[in-house]
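All residue numbers for the sequence shown refer to numbering that gives the first Met the number 0, where the first residue is 0 and numbers rise by one. The next block holds one structure in the form of structure tokens; read it before the comments.
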Amino acid sequence: MTVRLHDTLSGETRPLEPLEPGAVGIYSCGPTVYGPTHIGNFRAFLSADLLVRYLRYRGYRVRWVMNLTDIDDKIIKGAAAAGVSIAELADRWIAQFRSDAAALRMTTPEVIPRATEHIPQIVDLIQRLLDGGFAYRTDDGSIFFRIESWPAYGRLARLDPASLRVGERVEADEYGKDDIRDFALWKGPKRGEPSWDTAIGPGRPGWHIECSAMSMAHLGPSFDIHTGGVDLIFPHHEDEIAQSEAATGKPFVRTWIHCAHLQMGGSKMAKSTGNIARVADLLASGVSPRALRYALIAVHYRMALAYSDESLAAAAAAVDRLDAVLAALRAYRQEGPDDTTLSDLLASTRSGFESALDDDLNVSQALGALFDGVRDLNRRIDARSLSTADAARAAAFIEELDTVLGVTTAADEAVEPEVAGLLEARVSARAARNWAESDRLRDELARRGIAVEDTRDGQRWRRLADVASG
Ligand SMILES: [Zn+2]
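Given below as structure tokens:
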């Protein structure tokens, strides 16, 4: 059995064959940090997280890179409107993103590079494109990629290069281009905009070049997997391929993975239309972060996900069923012989779960296999046919599969429901940046003998050795 993934560029579902056997490099386009991240964005991030978790479960060493776009037109406008520096605005929303990601239990990527920290790599890449005749300067100091110099342009998005961008609105700063289709690698300096003094002149990077520079800086000129939402296929990823391969002469990415839209009320979730649900707002309204995570990962990533109160309620019920069977198995005590058919049940559940995820991460089918197994385990618990050792084995089995899903609580996290509720409420309060409530809950937990601390990876807790009485 091997993991097979759908590649947007070839249109094929192919076995994963990493450049270095056993190790997989993955780059995911991360958020542009000018405002709160909505659940449509997180659907794409969590589908990459599911891929990372499953490949690790399968024994691969994974290096995951997710960038932060911290310089961009929207950030410049947002900072001006808020009367703060660009760095301040970006830092604020990066903190919110990290908090949302931790609440939703997104695996922390090995590298989370920021565009403004990669100006030398960006400049070097643009210099190579200028040297190779793939880019040109305009009078205002901007530098554009010349589409005509790259005949393969349009392959990812399956577009005819001749018809591209005709009729597209011409931005004021893009006058002077040789060809309407050409895209900005570097934007010449402008009043009121940040600018770097570099070997290719003063200015700031365009958006597309950031991802080429950051992915290649951390994964090399060719790497295994690049992920993003379907709306990034064109022009963002098309541009990434052109500029990266033109600069290096090497194939850029082996497998392109694109996550479909999240829809709410029948239309695509997007900041531009105002049809959005923010992670922090949902959590502040009392939505369980684990249920929200489940709702966002439970549909195959290439299918549109219809998000609604009903889908969230179904997700909460599913997480409850997993919590309940784990709690029952952990508490189960029964003298007597082992259940002779338990091994078969666990093996068939595992094979159903794995073969579904091997097939381009078919998560809904994998969940179906898991819940078939859970139903059977519940029957055995009710019938008292398991031994104490069987129950421990079955609990460990579910915990192991959940390393892929990330929705249940570990045994050492198992606490009284009241404390679990307080811990979860505090995660939500922090995600909503409600510090007063988060402090109140910390004190409340301390009174119950639970100390919490906040780490980069989210909230951690431990039992206090001795609780002051009274
Ligand atoms: Zn990107």
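Where a beta carbon is used, it is the ideal one built from N, C-alpha and C, also for glycine.
Query raised in the report: Looking at the unbroken alpha helix (DSSP H) that takes in glutamate 16, where does it start and where does it end?
Result: No alpha helix (DSSP H) contains glutamate 16, which DSSP labels as neither H nor E.
Query raised in the report: So, helix, strand or coil for asparagine 377, using DSSP?
Result: helix
Requested in this report: Quick one: residues in its chain with C-beta nearer than 6 Å to the C-beta of glutamate 452, no 5 flanking neighbours on either side, listed in chain order?
Outcome: Arg459
Report task. Just the C-alpha distance for leucine 282 and glutamate 116, rounded to the nearest angstrom, thanks. Result -> 32 Å
Query raised in the report: Beta carbon of alanine 227: closer than 8 Å to some heavy atom of ligand 1?
Result: The sequence as given places glycine at residue 227; alanine does not occur at that position. Yes, Cβ of glycine 227 sits closer than 8 Å to a heavy atom of ligand 1.
Query - Contact the region 235-249 vs the region 126-137: 3+ CB pairs below 8 Å - result: yes
Requested in this report: Could you spell out where the beta strand (DSSP E) holding aspartate 223 opens and where it closes?
Outcome: 222-228
Query raised in the report: Looking at the structure shown, is tyrosine 53 part of a helix, part of a strand, or coil, going by DSSP?
Result: helix
**Report entry** Spatially closest choice to glycine 10 from Tyr53, Ala355 and Asp359, by CA coordinates
**Finding:** Asp359
Query raised in the report: Can you name the start and end residues of the alpha helix (DSSP H) that arginine 157 belongs to?
Result: Looking at the DSSP string, arginine 157 is not in any alpha helix (DSSP H), and its letter there is neither H nor E.
Requested in this report: To the nearest angstrom, report how far apart leucine 321 and threonine 106 are at their CA atoms.
Outcome: 20 Å
Report task. Can you say whether methionine 302 is buried or exposed, counting buried as having 16 or more other CB atoms within 10 angstroms of its CB? Result -> exposed
Requested in this report: Report yes if the C-beta distance between valine 51 and aspartate 223 is below 9 Å; otherwise report no.
Outcome: no
Query - Which of helix, strand or coil DSSP assigns to tyrosine 293 - result: helix
Query raised in the report: So, helix, strand or coil for lysine 186, using DSSP?
Result: strand
Query - Complete runs of the alpha helix (DSSP H) confined to the region 422-468 [at least 4 residues] - result: 434-446
Query - Straight-line Cα distance separating cysteine 28 from proline 14 - result: 23 Å
Query raised in the report: Between the C-alpha atoms of leucine 67 and serine 214, what's the straight-line distance to the nearest angstrom?
Result: 12 Å
Report task. Give the range of the alpha helix (DSSP H) segment to which methionine 215 is assigned. Result -> 206-218
Query - Proximity test, threonine 68 beta-carbon vs ligand 1 heavy atom, cut-off 8 Å - result: yes
Query - Beta-ladder partner(s) of tryptophan 255, from DSSP - result: His225
Query raised in the report: Taking C-alpha atoms, which residue in Thr12, Gly21, Ala313 and Glu109 lies nearest to arginine 60?
Result: Gly21
Query raised in the report: Say the cut is 8 Å; is the CB of cysteine 258 nearer than that to a heavy atom of ligand 1?
Result: no
Query raised in the report: What does a CB cutoff of less than 7 Å around alanine 355 pick up in its chain, not counting 5 residues either side in sequence?
Result: Asn361, Gln364, Ala365 and Ala368
Requested in this report: Please state whether DSSP places tryptophan 63 in a helix, a strand or coil.
Outcome: strand
Query raised in the report: Is it a yes or a no for the region 69-78 touching the region 429-442, going by three-plus beta-carbon pairs under 8 Å?
Result: no
Query raised in the report: Around ligand 1, what residues have a beta-carbon under 5 Å from a heavy atom of it, in chain order?
Result: Cys28 and Cys210
Query raised in the report: Are the region 383-396 and the region 417-434 touching by the rule of at least three beta carbon pairs closer than 8 Å?
Result: no
Query raised in the report: Looking at the structure shown, is aspartate 482 part of a helix, part of a strand, or coil, going by DSSP?
Result: Given a span of 0 to 469 for the chain in the structure shown, any question on residue 482 remains unanswerable.
**Report entry** Residues bridged to arginine 392 [DSSP beta-bridge criterion]
**Finding:** Paired residue(s): none; arginine 392 is not in a bridge.
Requested in this report: Output the distance between the C-alpha atoms of glycine 457 and alanine 326, rounded to the nearest integer angstrom.
Outcome: 24 Å
Query - 8 Å contact criterion, which isoleucine 240 and leucine 155 should meet: CB distance rounded - result: 6 Å
Requested in this report: Give a yes or no on whether the C-beta atoms belonging to aspartate 280 and alanine 431 are separated by under 9 Å.
Outcome: yes
Query raised in the report: Does the distance from the C-beta atom of isoleucine 232 to that of isoleucine 38 stay below 9 Å?
Result: no
Requested in this report: Take glycine 58 as the anchor and find which of Glu443, His236, Val403 and Pro150 has the nearest alpha-carbon.
Outcome: Val403
Requested in this report: Please go through the same chain and pick out, in chain order, the residues whose beta-carbon is closer than 8 Å to the beta-carbon of leucine 341, but skip the five residues on each side of it.
Outcome: Arg379, Leu385, Asp389, Arg392 and Ala393
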